[in-house]
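Student:
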Amino acid sequence: MDSQLFIFRERLVKLRWKRSDFRSGRRVPRAAHAAMSRSDAPSAVAGAPSVDDTDRRARAVALACMVGLAIVLGVGRFAFTPLLPLMLADGSIGLKAGGWLASANYAGYFVGAVSCAALRVAPARMVRVGLVATVLLTAAMGVGHLLPVWLAVRFVAGVVSAWTFVFMSQWGLRRLAELVAPEWSGVIYAGPGVGIVVTGLIGSALAGQRAASGWLGFAALSAVLSVAIWRTFGSAPVSAAMPPAVTARHAATVAAPHDARRHRADAAWLVVLYGMPGFGYIITATFLPVIARAALPAGSPWPDLFWPMFGAALIVGAVSASRLPGHWDNRLLLAAGCATQALGIAAGIVWPNAAGFSVGSLLLGLPFTAITLFAMREARRLHGERAAGLMGYATASYGVGQIAGPLVAAPLVARYGSFTPALWVAAVALLAGAAGFVAMTAVAGAHRRRA
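So for the sequence shown, the numbering used here puts the first residue at 5; every next one is plus one.
#1: Please report the straight-line C-alpha distance between S304 and A227, rounded to a whole angstrom.
#2: With a threshold of 7 Å on Cβ separation, who are the neighbours of G279 within its own chain once the five nearest residues in sequence on each side are excluded?
#3: May I ask you to verify whether the stretch 147-163 touches the stretch 180-198, counting CB pairs closer than 8 Å and requiring at least 3?
#4: In chain order, which continuous runs of the alpha helix (DSSP H) of length 4 or greater are located wholly inside the stretch 130-185?
#5: May I have the straight-line CA-CA distance separating L277 from L427, to the nearest angstrom?
#6: Have a look at V442, R81, G348, F372 and flag the residue whose alpha-carbon is nearest the alpha-carbon of G116.
#7: Can you tell me which of the three DSSP states F527 falls into?
#8: Could you tell me the alpha carbon to alpha carbon distance between V447 and R266, rounded to whole angstroms?
#9: Which whole-angstrom value describes the C-beta separation of D308 and A211, a residue pair presumed to lie in contact below a C-beta threshold of 8 Å?
#10: For the alpha helix (DSSP H) that contains G282, what are its first and last residues?
#11: For V79 and Q213, I'd like the C-alpha separation in whole angstroms.
#12: Report the rounded CA-to-CA distance for A383 versus A302, giving the unit in angstroms.
#13: From A269 to H451, what distance separates their C-alpha atoms?
#14: Determine, using beta carbons only, whether G221 and V71 come nearer to each other than 8 Å.
#15: Ends of the alpha helix (DSSP H) at V231?
#16: DSSP state of G456, grouped into three classes?
#17: Could you tell me whether any non-hydrogen atom of the ligand NAD is closer than 7 Å to the CB of G279?
#18: Which term fits P415, buried or exposed, when burial requires 16 or more other beta carbons within 10 angstroms of its beta carbon?
#19: Residues in the same chain with beta-carbon distance under 6 Å from A296, minus the five sequence neighbours each way, listed in chain order, please.
#20: Helix, strand or coil for W355, going by three-state DSSP, please let me know.
#21: Beta carbon of V164, beta carbon of T138: below 8 Å?
#22: If you measure between the beta carbons of V76 and G134, is that distance less than 8 Å?
#23: Please report how far the alpha carbon of T257 lies from the alpha carbon of A232, in whole angstroms.
#24: For the putative contact between A439 and I287, defined by C-beta atoms under 8 Å, what is the C-beta separation to the nearest angstrom?
#25: For F291 and W355, I'd like the C-alpha separation in whole angstroms.
#26: Reducing DSSP to helix, strand and coil, say where V125 ends up.
#27: Could you spell out the range, first to last residue, of the alpha helix (DSSP H) harbouring E382?
#28: By a C-beta neighbour count over all protein chains shown, 10 Å radius and 16 as the cutoff for buried, is G29 buried or exposed?
#29: Could you tell me the distance, in whole angstroms, from the CA atom of C342 to the CA atom of T58?
Below you can see the structure in the form of structure tokens.
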């Protein structure tokens, strides 16, 4: 993920108190009222939009970005999961080839994420290009049956989804900053969950059909939705900057590092440990319908519903994470997220029934987006305004974990004839990550006490 979008997100939070005080009608101390009046002076000019108009525009921005992320991530990246059982059933690919296709997409996402900084293009234009490319690449999976071609298509789809995610997030958060509407930011990041729910339910309805019909159907749906939001991303480029008062307050919250060596060590551990959730979640997320179908009785309707459950939990987690207090320790929050996902994986192993897989899907999806947010927030705490490089390294580590996951899982399944060993490896990796983040917190506390 691009570092700037998380910086914008933190700045947006600084504006929330002004908006809530205005809407709730609470009395504001005279000094605060004066400061508010000064910071709001630009909006007091003639012709400024009303509160209702601002809400309408903020809602349009957030919903357009949500739909856009549902397309480029929910379809472009994650539609493969509900369609994998169909591809296996119609003989298009085997399980090993499925692992290679998954890893090709994650490798593309990794390349896209680390190359975003080199792109010099207007965010809205990149979003439009990404939407069109996602439609075409999704349709390409429905024509032809050559594995090398599919590998190339999935790799490019991963690159495009990363680019579009970064630029769409940047565009949306900056628009919300202009509109002083940070409360809508959580809606944007619910987009991947919405896409997962929709593609999962449609994939369930396609049981018994050829996978090609699913790919072509998702391409058609993506095209229709892209047309619906197209004009929103054609508005004038974002002009601007955060109010000076907000920038000053934000700068004051970033303390200069007192122990450069300790911060470098913490940054290195953050990069290493952040790869654990990337590795741990992806094995279950990639093969969830296949795992459930193998464990549950033939003809059970449940296997196709667990992936939409994962998406629904992701939506709740995305909205909830943006509302957690900013002063909570990011390392402990990361540990909690990793432990929650490990419990979700264990639930499906210990109770390989509908209830176990349901609980597992919810626990796996709930912290999915939150883990990313907490990691980027920790990177900013360590490096302040210079956090872009650390965020890039952390994102690369997560991407490496996503690439390695399916490549480790497929041989284990082939050797043991079961997903259980691969799932235990994933759970152990997540617990190791959680333990590492807790250890980081303990070491930091010890250093503070000695100081």
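Idealized CB from N, CA, C, for every residue including glycine.
Tutor: Answer, in terms of the structure:
#1: Position 300 of the sequence shown, counting from 1, holds the residue named residue 304. Position 223 of the sequence shown, counting from 1, holds the residue named residue 227. Cα-Cα distance, rounded: 32 Å.
#2: Walking along the sequence shown from the start, residue 279 turns up at place 275. Contacts found: S401, Y402, V404, G405.
#3: As far as the Cβ criterion goes, the stretch 147-163 does not touch the stretch 180-198, which means the pair count is below three.
#4: If we require 4 residues or more, the alpha helix (DSSP H) runs fully inside the stretch 130-185 come out as 151-182.
#5: Locating residue 277 in the sequence shown gives position 273, counting from the first residue. Locating residue 427 in the sequence shown gives position 423, counting from the first residue. Looking at the backbone, the Cα of L277 and that of L427 are separated by about 19 Å.
#6: Locating residue 116 in the sequence shown gives position 112, where the first residue counts as 1. The alpha carbon of G116 has as its nearest neighbour, out of V442, R81, G348, F372, the alpha carbon of R81.
#7: An answer regarding residue 527 cannot be provided, because it is not within the stretch 5 to 455 covered by the chain.
#8: If you number the sequence shown from 1, residue 447 lands on position 443. If you number the sequence shown from 1, residue 266 lands on position 262. Take the alpha-carbon of V447 and the one of R266: they are about 10 Å apart.
#9: Within the sequence shown, the letter at position 304 stands for residue 308. Within the sequence shown, the letter at position 207 stands for residue 211. About 6 Å separates the two Cβ atoms, so the contact holds.
#10: Start at 1 with the first residue of the sequence shown, and residue 282 comes out as number 278. For G282, the enclosing alpha helix (DSSP H) covers residues 264-299.
#11: Numbered from 1 along the sequence shown, position 75 holds the residue referred to as residue 79. Numbered from 1 along the sequence shown, position 209 holds the residue referred to as residue 213. The alpha-carbon atoms of V79 and Q213 are separated by roughly 18 Å.
#12: For the purposes of this step, residue 383 is identified with residue 379 of the sequence shown, where counting begins at 1. For the purposes of this step, residue 302 is identified with residue 298 of the sequence shown, where counting begins at 1. When only Cα atoms are considered, A383 and A302 end up about 47 Å apart.
#13: By one-based count along the sequence shown, residue 269 stands at place 265. By one-based count along the sequence shown, residue 451 stands at place 447. Going by the C-alpha atoms only, they are around 13 Å apart.
#14: Translated into positions along the sequence shown, residue 221 becomes position 217. Translated into positions along the sequence shown, residue 71 becomes position 67. Taking 8 Å as the Cβ cut-off, G221 and V71 do not qualify as a contacting pair.
#15: On the sequence shown, residue 231 is found 227 positions in, with the first residue counted as 1. Where V231 is concerned, the enclosing alpha helix (DSSP H) stretches over 215-233.
#16: With the chain represented from 5 up to 455, any question about residue 456 goes unanswered, as that position is not in the structure.
#17: In the structure shown, the ligand NAD is absent, as is every other ligand, since no ligand is present at all.
#18: Within the sequence shown, the letter at position 411 stands for residue 415. Exposure of P415 is indicated by the presence of fewer than 16 other C-beta atoms within 10 angstroms of its C-beta.
#19: Here residue 296 refers to the residue found at position 292 of the sequence shown. Counting only Cβ-Cβ distances below 6 Å, and skipping sequence neighbours, we find P307, F310, F361.
#20: By one-based count along the sequence shown, residue 355 stands at place 351. Residue state for W355 is assigned as coil, using DSSP reduced to three classes.
#21: For the purposes of this step, residue 164 is taken as residue 160 along the sequence shown, with counting starting at 1. For the purposes of this step, residue 138 is taken as residue 134 along the sequence shown, with counting starting at 1. Yes, they are a contact pair.
#22: If you number the sequence shown from 1, residue 76 lands on position 72. If you number the sequence shown from 1, residue 134 lands on position 130. Yes, Cβ-Cβ distance for V76 and G134 is below 8 Å.
#23: Taking the sequence shown and counting its residues from 1, the one referred to as residue 257 is at position 253. Taking the sequence shown and counting its residues from 1, the one referred to as residue 232 is at position 228. Because T257 carries a pLDDT of 43, less than 50, the predicted location of this residue cannot be relied on, and the following value inherits that uncertainty. Using only the alpha carbons, I get a separation of about 40 Å.
#24: Counting from 1 along the sequence shown, the entry for residue 439 is found at position 435. Counting from 1 along the sequence shown, the entry for residue 287 is found at position 283. Contact between A439 and I287 is ruled out by a C-beta separation of about 19 Å, above the 8 Å threshold.
#25: Position 287 of the sequence shown, counted from the first residue, corresponds to residue 291. Position 351 of the sequence shown, counted from the first residue, corresponds to residue 355. For F291 and W355, the distance between alpha carbons rounds to 17 Å.
#26: Stepping through the sequence shown from its first residue, residue 125 is reached at position 121. In this structure, DSSP gives V125 a state outside helix and strand, which the three-state scheme calls coil.
#27: Against the sequence shown, residue 382 aligns to sequence position 378. Where E382 is concerned, the enclosing alpha helix (DSSP H) stretches over 372-387.
#28: Within the sequence shown, numbered from 1, the residue matching residue 29 stands at position 25. In this predicted model, G29 has a pLDDT of only 42, less than 50, meaning its place in the structure is not dependable; the value taken from the coordinates is given anyway. By the beta-carbon neighbour count (other beta carbons within 10 angstroms, threshold 16), G29 is exposed.
#29: On the sequence shown, residue 342 is found 338 positions in, with the first residue counted as 1. On the sequence shown, residue 58 is found 54 positions in, with the first residue counted as 1. Cα to Cα, C342 sits roughly 38 Å from T58.
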